[in-house]
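Asks:
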Amino acid sequence: MSDNNATIEDYFSEDRVFTPTDNFSKQALANDLSLYESAEADFEKFWESQAKELLDWYEPFGQVCEWQLPFSKWFIGGKLNVSFNCLDRHVLAGRGGKVAYYWEGEPGEKISVTYSELLDQVSQFANCLKNLGVKKGDRVAIYMPMILELPIAMLACTRIGAAHSVVFGGFSSDALAGRINDAQAKLVITADGGYRRGATVQLKSNVDLALEECSTVDHVVVVRRTNTQVNMVAGRDVWWDELITGVSTKCEPVAMDSEDLLFLLYTSGTTAKPKGIMHTTGGYLTQVAYTHKYVFDLKPESDIYWCAADIGWVTGHSYILYGPLTNGATSIIYEGTPDFPDKDRWWDIIERYKVTILYTAPTAIRTFMKWGEEYPSKHDLSSLRLLGSVGEPINPEAWIWYYTHIGQSNCPVVDTWWQTETGGIMISPLPGVTKLKPGSATFALPGIFVEVVDDNGNKVEKGGGYLTIVRPWPGMLRGIYGDPERYRETYWSRFEGRYFAGDGAKVDDDGYLWLLGRVDDVMNVSGHRISTTEVESALVDHPSVAEAAVVGANDPTTGQAIIGFVTLKSGETQSSEKGEELRAHVARVIGAIARPKTIIFTDELPKTRSGKIMRRLLADVANGRSLGDTTTLADPSVVEEIRSKASDSTAED
Ligand code: 7RM
616 MSDNNATIED YFSEDRVFTP TDNFSKQALA NDLSLYESAE ADFEKFWESQ AKELLDWYEP
676 FGQVCEWQLP FSKWFIGGKL NVSFNCLDRH VLAGRGGKVA YYWEGEPGEK ISVTYSELLD
736 QVSQFANCLK NLGVKKGDRV AIYMPMILEL PIAMLACTRI GAAHSVVFGG FSSDALAGRI
796 NDAQAKLVIT ADGGYRRGAT VQLKSNVDLA LEECSTVDHV VVVRRTNTQV NMVAGRDVWW
856 DELITGVSTK CEPVAMDSED LLFLLYTSGT TAKPKGIMHT TGGYLTQVAY THKYVFDLKP
916 ESDIYWCAAD IGWVTGHSYI LYGPLTNGAT SIIYEGTPDF PDKDRWWDII ERYKVTILYT
976 APTAIRTFMK WGEEYPSKHD LSSLRLLGSV GEPINPEAWI WYYTHIGQSN CPVVDTWWQT
1036 ETGGIMISPL PGVTKLKPGS ATFALPGIFV EVVDDNGNKV EKGGGYLTIV RPWPGMLRGI
1096 YGDPERYRET YWSRFEGRYF AGDGAKVDDD GYLWLLGRVD DVMNVSGHRI STTEVESALV
1156 DHPSVAEAAV VGANDPTTGQ AIIGFVTLKS GETQSSEKGE ELRAHVARVI GAIARPKTII
1216 FTDELPKTRS GKIMRRLLAD VANGRSLGDT TTLADPSVVE EIRSKASDST AED
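Numbered according to this note's numbering, the sequence shown spans residues 616 to 1268.
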């Protein structure tokens, strides 16, 4: 119900509930409330036992958490090595022959690598890093396609105590230069190029351009992937394959302090300078191992796990590398796009490798909805037992589609909310315990404490507000590299004593959490604060719609008017009648106040490389402004197309 003074109003209601089946619960690692109860009873003790159970420490830690708001330290004095936890200990326990990754290149090559092979390759490359002068405490920039050398490079850094800073292969040379300079990276690891949708993308030439602006880099290591012609600078650049030849595959891992820097990962930021989010060793690894185990109910002996994210996104760091390897899982890595050579590539992969757990983003699910269920239906997906979602709110209809057409109505769907800054999953169901509601990330995980608050920082028991985190957690960012003041200001200044990173959320009658999108995107229509997520979910609720993004455009009478950008499912026709039908549908589902003023049809929406809709650019278009920063856009031609459609539709108005 809506209340005119609410921080963010609450319109959309979704009543479907999915209770875990007995079969699933019986076999699940968590099937009662005991994790919640022990975390509630003594949260430090809870995290202490996770850290001890899930990780191997060279030296035990003393104090669990030191909290000097807004700075926390975890597992004080403990010493460990991340690559040892990911690799050596599994080999030492006799599991070296187990496959760590089944890798598949976009053109179709297949490589499987076992834990002991991965250990050898990581150790060998770690020795190469040392030979190039990289030392404990240095930063290494990595700009690579999704090939096995990428996890090998990251793990090699952790083995010798250097921090990696992975930059998305899709980012420009300018973005790369900015990140190299901010981190003062000593070395860059890249490839000649990568494959994407059948074409090759240049990487090394971007590095060359970037390095014209950088003075800290001594060497560039280049993997041969596409055999594209590249320029190798004598004395600076070396080929990976030549570098490793004859180098020992034994390298002693360095004992790192629990609070030593593990990696930097830059968040794009919308207009401001990218922030180098800092993650350290012991706390981060504990949280990703714990969440990967319980949220995905991971059974390393029998599961084939596939997180289909890019490793250059935090999801890839935490749930392709560090969580799964710490837990000894067998994972899939696929290099390319889902429509190469055809729109069933993912379903083909799931069928061939008998994937049991799939973790992907709403953007991918909505794209599959647009393409139609005939693509998954051509394949045997019966190996799947659990599905996950991350990156944006998942619209209830997209959830149902995923559940029905991919999960065959037989797999729980875990909607996981978290951020680069949180390091690991924070809000999610436990699949053997939690009753699911499509579109809700449900509850904070055991050990994580969140509250929704209003403008004055008072707790909201029911209805919409701001999502805040009220206690420190082991995987939390330790700061913004080189800028402690900006860290304090960005995350800790809005609500006293609470972490706030910009998302709206609402609490329903049963205490379930529903994420409402970024608060900066909230629209104000005649004094009503309306979330983008709810209007978009109402649009996606219409059977013709695959995906929708809404923004506020300045309006002389209502302050802002809602403009909806809509992608229809394939086979549906764009027409002004369809637009009318959709406007009426929104009014019916959530109320007349949220009826979009205009619907603009588009085949694609502007998205970041990790698949998040860039509403800010749509708002620029809707308000006739010149476009702000477009450097993180996955496909810049999309906005131009939308811009021309938007001016057509204003002409019709
Ligand atoms: C993992 C990741 C973080 C932002 C976050 C939200 C949005 C992520 C969900 C979600 C609703 C979800 N890291 N977000 N997961 N919104 N439901 N399950 O995405 O740093 O790239 O982005 O993504 O707005 O603040 S991120």
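Glycine included, C-beta positions come from ideal geometry on N, C-alpha and C.
Bear in mind that the values here come from a model prediction, so they are computed numbers and not experimental data.
1. Going by DSSP, which residues form a beta bridge with E1104?
2. Between L702, T729, G720, which has its C-alpha nearest G712's C-alpha?
3. Short of 8 angstroms in beta carbon distance, which residues of its chain neighbour R839, apart from the five on each side in sequence? Order them along the chain.
4. Measuring alpha carbon to alpha carbon, tell me which of A887, G723, G809, S873 ends up nearest Q678.
5. Please work out which residues of its chain come closer than 7 angstroms, Cβ to Cβ, to T622, disregarding the five sequence neighbours upstream and downstream, and give them in chain order.
6. Can you tell me where the beta strand (DSSP E) holding I1178 begins and where it ends?
7. For L763, count neighbouring Cβ atoms within 10 angstroms of its own Cβ and tell me buried if that reaches 16, exposed if not.
8. Does the beta carbon of R774 sit closer than 9 angstroms to a beta carbon anywhere in chain B?
9. Is there contact here, the region 940 to 948 with the region 712 to 727, by at least three beta-carbon pairs under 8 angstroms?
10. Flag this pair as yes or no: are the beta carbons of P1089 and G813 separated by less than 9 angstroms?
11. Using the Cβ count rule (16 or more neighbours within 10 Å means buried), how would you classify Y673?
12. Can you list, in chain order, the residues of its chain with a C-beta nearer than 7 angstroms to that of P722? Leave out the 5 residues immediately preceding and following it.
13. Would V1067 and A1120 qualify as a contact pair, given that the criterion is a beta-carbon distance under 9 angstroms?
14. When you compare each of L734, Q739, R774, G784 to A756 by their alpha carbons, which one comes out closest?
15. Take L999 as the anchor and find which of E1007, Y1017, A1013 has the nearest alpha-carbon.
16. What span of residues does the alpha helix (DSSP H) with Q739 cover, start to end?
17. Whose CA, out of A800, E1036, L858, lies closest to the CA of I892?
18. Using alpha carbons as the reference points, say which of A1056, T1049, S1241 lies closest to I1285.
19. Rounded to whole angstroms, how far is the Cβ of A1237 from the Cβ of V1166, which I believe are closer than 8 angstroms?
20. Cutting at 7 angstroms between CB atoms, please list the residues of its own chain near T1083, excluding the five before and the five after it.
21. Just grab the DSSP bridge partners of D1030 for me.
22. Does the distance between the C-beta of V929 and the nearest non-hydrogen atom of ligand 1 fall short of 8 angstroms?
23. Return the chain-ordered list of same chain residues with a C-beta closer than 6 angstroms to the C-beta of S997, the five sequence neighbours on each side being excluded.
24. Just confirm the distance between the C-beta atoms of S687 and P1087, as a whole number of angstroms; I'd bet it's less than 8 angstroms.
25. I'd like the span of the alpha helix (DSSP H) that includes A667, first residue to last.
26. In this structure, how does DSSP classify W962 when only helix, strand and coil are distinguished?
27. Using a threshold of 9 angstroms, state whether the C-beta atoms of L791 and V782 are closer than that.
28. Helix, strand or coil: how does DSSP classify R1133 here?
29. Can you find at least 3 beta carbon pairs, one from the region 896 to 913 and one from the region 684 to 704, that sit closer than 8 angstroms?
30. From A778 to G1126, what distance separates their C-alpha atoms?
31. What residues match up with H894 in a beta bridge as DSSP calls it?
32. Are V845 and K819 closer than 9 angstroms when you measure CB to CB?
33. Nearest by alpha-carbon distance to R867: which of I775, A1249, I935 is it?
34. Pick helix, strand or coil for V781, following the three-state DSSP scheme.
35. Tell me, please, whether the region 965 to 981 touches the region 906 to 924 by the rule of three or more beta-carbon pairs shorter than 8 angstroms.
36. From the DSSP output, which residues share a beta bridge with E1162?
Replies: Let's see:
1. Per DSSP, none; premise fails for E1104.
2. T729
3. A806, D807, W854, W855, D856
4. S873
5. D1069, D1070, G1079, G1080, Y1081, R1144
6. 1174 to 1183
7. buried
8. The structure shown contains no chain B, having only a single protein chain.
9. yes
10. no
11. exposed
12. Y810
13. yes
14. G784
15. Y1017
16. 730 to 746
17. E1036
18. Outside the shown range of the chain (616 to 1268) lies residue 1285, about which nothing can therefore be said.
19. 5 angstroms
20. V1065, E1066, V1068, F1110, R1113, Y1114, F1115
21. S1004
22. yes
23. none
24. 4 angstroms
25. Note on identity: in this sequence residue 667 is Lys, with Ala being the wrong assignment. Run containing K667: 658 to 669, per the alpha helix (DSSP H) assignment.
26. helix
27. yes
28. strand
29. yes
30. 40 angstroms
31. F878
32. yes
33. Per the sequence shown, residue 867 should be read as Glu rather than Arg. It is I775 whose Cα lies nearest to the Cα of E867.
34. strand
35. yes
36. T1182
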